[in-house]
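Residue numbers (the working numbering): 120 to 277.
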C-alpha cells in the first residue's frame, strides 16, 4: 500500500473525529459570531455615516446662516455709518451756520456800536460847535438880541 492511501485514510479519520466532536458546528458558530460582529460593525459604520451626514448638513446650514447674519451685520454697519455720516454732516452744517450767524451778529453789533459812537461824537461836536457859535453871536450881538427878545415878548403880551 502506498503512502497516499494512508494519507487519505488519515484524512478521513481526522475528518470523522472532527465531525464527531462537533468541530464543524463550532467553526460554524465562530463564523456566525464573526459574521454577526462584522454585521454589527457595518451597521455601526452606517449609523455613524448617517450621523456624520446629518452633522454635515447641520453645519452647512449653520455656515449659511452665519454668512447671512454676517451680511446683515455688514449691511447694518454700512447703514449706520451712512446715517452717522449724514448726522455728522448735518451737525457740522448747523454748527457752521450758528457760528456764521454769531460772527455776523457780532459784526452787526460792532457796526451798530461804531455808528452809535460816530453819532454820539457827531452830536457832541455839533453841540460844541453850536455852543461856540452862540457864544460868538451872543458876544457880538448879545445886547441887540436881548432887546429884540424883549420887544418880541412885549408885542406878544399886548
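Note that beta-carbon positions come from the ideal geometry of N, C-alpha and C, so glycine has one too.
Q: May I have the straight-line CA-CA distance separating residue 268 from residue 262, to the nearest angstrom?
A: Annotation: residue 268 to residue 262 spans about 10 Å, alpha carbon to alpha carbon.
Q) Just to confirm, are residue 257 and residue 264 a CB contact at a threshold of 8 Å? A) Yes. Within cutoff.
Q.
Could you give the first and the last residue of the continuous alpha helix (DSSP H) run that contains residue 124?
A. 122-139
Q) From residue 221 to residue 229, what distance separates their C-alpha atoms? A) Rounded to the nearest angstrom, the two C-alpha atoms are 12 Å apart.
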